[in-house]
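K.L.:
In the UniProt record's numbering, the protein residues as written are 1 to 407.
(1) For residue 403 and residue 336, what's the separation of their Cα atoms in angstroms?
(2) Let me make sure I understand the geometry here. Which of 363, 68 and 123 has the alpha-carbon closest to that of residue 399?
(3) What's the C-alpha gap between residue 115 and residue 126?
(4) Can you list, in chain order, the residues of its chain whose CB lies under 7 Å from that of residue 396, leaving out five sequence neighbours each side?
(5) List the endpoints of the continuous alpha helix (DSSP H) containing residue 84.
(6) Applying the 10 Å Cβ sphere with the 16-neighbour rule, what's the burial state of residue 352?
(7) Let's test the definition: count the other Cβ atoms within 10 Å of the Cβ of residue 9 and tell me whether it reaches 16, buried, or not, exposed.
(8) Helix, strand or coil: which one does DSSP assign to residue 19?
(9) Is residue 8 helix, strand or coil when you go by DSSP?
(10) Please report how far the alpha carbon of residue 92 lies from the alpha carbon of residue 128, in whole angstroms.
(11) For residue 51, collect the residues of the same chain with a Cβ closer than 7 Å to its Cβ; drop the 5 residues on either side in sequence, then sort them by chain order.
(12) Any contact between the segment 20-28 and the segment 132-141? By contact I mean 3 or more CB pairs, one from each, below 8 Å.
(13) Using the DSSP secondary-structure output, state which residues sit across from residue 35 in a beta bridge.
(14) Any contact between the segment 339-347 and the segment 371-383? By contact I mean 3 or more CB pairs, one from each, below 8 Å.
(15) Rounding to the nearest angstrom, what Cα-Cα distance links residue 319 and residue 338 in this structure?
(16) Assess contact between the segment 52-60 and the segment 101-121, defined as three or more Cβ pairs (one per stretch) separated by less than 8 Å. Is contact present?
(17) Would DSSP call residue 359 helix, strand or coil?
(18) Let me make sure I understand the geometry here. Which of 98, 13, 84 and 36 has the alpha-carbon closest to that of residue 70?
And the structure:
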């Protein structure tokens with residue numbers, strides 16, 4: 001069993017320094033798939049030991065830092081488990097805020113089913129590291145109805161409504177609002193076309209307001225008789241249904257039934273008012289169809305024109321992304337990463353191997369410059385004896401120090 005001197009003792013300041021350091025590493029792009037590489041943990045341990053030289057217990061190692069973050073992540077999940085349950089309270093000042101006897105009873109009952117849950121620490125106090133841990137692990141936040149998210153606020157506008165819509169509370173227990181069609185007592189008002197003169201000419205702006213233009217051309221005459229009650233100024237007669245007017249047309253000279261002879265029909269009266277009204281309506285409808293076709297053609301051309309710049313922007317973005325990928329894999333980017341690793345290794349050399357001879361330090365710096373793999377091995381080794389023996393072997397194999405020099 002390890003002694004107390006070999007065990008790590010973490011203060012709140014050391015925990016905050018560790019999490020803050022890891023957040024900066026994540027911002028620098030050194031966190032992948034929710035975890036850090038071994039080299040990052042070695043640098044984290046060096047950072048904590050340099051910032052807190054007088055520690056209670058053993059100096060921090062990479063394994064200790066990794067284990068402490070795992071423990072903090074478990075606490076984050078325990079708090080989110082509490083937040084995710086419906087009706088459970090949490091805020092960043094009072095924690096669970098257990099005050100009444102009923103709340104105390106519910107809290108104890110919930111903890112009885114979660115024996116190892118860390119929520120027992122936050123009965124009436126908050127966790128200072130909660131927000132910074134949520135920024136480090138955003139995918140582990142709670143998603144329950146009563147989950148506390150300080151950056152989220154409701155954005156409902158009181159009394160806002162659109163045409164034909166109203167905001168009503170849901171029939172469920174949640175407070176979510178539901179958009180439902182409004183049931184207005186006023187009937188839909190359609191503008192009835194009026195015959196402006198005895199010649200039967202109808203105003204174009206009145207026709208434009210009619211919703212009949214939105215109906216398929218084959219059904220417009222049927223919709224005319226079903227939706228509108230046509231009115232005419234006296235002494236003009238009431239407009240007859242278009243279908244009835246069509247039926248008043250004389251039959252074709254050729255019968256639709258198979259027959260060996262043709263039938264003649266009586267001559268229609270071309271001067272009848274019904275025929276005149278029908279011709280006016282047919283002309284107006286043909287104009288409306290033509291206008292709609294021209295409008296549709298213009299919209300199609302406009303959409304093609306606007307889609308062309310969007311396509312160019314998309315291609316430009318793809319080319320920029322490919323350029324960034326190529327540049328990141330270039331020799332310049334590799335040299336930049338090697339330089340960054342050398343800076344980290346030099347910080348660890350100044351903290352952990354400051355007692356090395358000057359000749360060994362210079363040789364180790366040369367090894368770092370020659371081989372990037374040597375930097376990774378140097379940062380990964382935590383055991384002091386193995387660490388020092390590796391330095392001896394590495395420098396001797398590369399003929400950077402005499403073989404008889406003992407470190």
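Using N, Cα and C, we set each Cβ at its ideal position, and we do this for glycine too.
If you're wondering where the values come from, they're calculated on a predicted model, not measured in any experiment.
P.N.:
The relevant details are as follows:
(1) Reading the chain shown from its first residue, position 403 is the one you call residue 403. Reading the chain shown from its first residue, position 336 is the one you call residue 336. Going by the C-alpha atoms only, they are around 33 Å apart.
(2) For this step, residue 399 is matched to residue 399 along the chain shown. Comparing Cα positions, the closest option is 363.
(3) On the chain shown, residue 115 is found 115 positions in, with the first residue counted as 1. On the chain shown, residue 126 is found 126 positions in, with the first residue counted as 1. Their backbone Cα atoms lie some 20 Å apart in a straight line.
(4) As a working note, residue 396 is residue 396 in the chain shown. So the list reads 403, once near-sequence residues are dropped.
(5) As a first step, residue 84 must be located in the chain shown, where it is residue number 84. Note, residue 84: alpha helix (DSSP H), 62-84.
(6) The sequence position of residue 352 within the chain shown is 352, counting from 1. By the neighbour-count rule (16 or more Cβ atoms within 10 Å), residue 352 is buried.
(7) Sequence index remark: in the chain shown, residue 9 carries index 9 (1-based). Classification for residue 9: exposed.
(8) Within the chain shown, residue 19 is the residue found at index 19, counting from 1. Helix, per DSSP.
(9) On the chain shown, residue 8 is found 8 positions in, with the first residue counted as 1. Reduced to three states, the DSSP call for residue 8 is strand.
(10) Here the question's residue 92 lines up with position 92 in the chain shown. Here the question's residue 128 lines up with position 128 in the chain shown. Roughly 8 Å between the two C-alpha positions.
(11) In the chain shown, residue 51 corresponds to position 51, counting from 1. Around residue 51: 17.
(12) Three or more beta-carbon pairs drawn from the segment 20-28 and the segment 132-141 are found closer than 8 Å, and the two stretches are therefore classed as touching.
(13) To locate residue 35, count along the chain shown from 1; it is residue 35. According to DSSP, which records beta bridges pairwise, residue 35 is partnered with 32.
(14) yes
(15) Walking along the chain shown from the start, residue 319 turns up at place 319. Walking along the chain shown from the start, residue 338 turns up at place 338. So the two alpha carbons sit approximately 27 Å from each other.
(16) The segment 52-60, when compared against the segment 101-121, does not touch it at the 8 Å Cβ threshold.
(17) Here residue 359 refers to the residue found at position 359 of the chain shown. Helix at residue 359.
(18) As a position in the chain shown, residue 70 is number 70, starting the count at 1. Checking every option, the nearest Cα to that of residue 70 belongs to 36.
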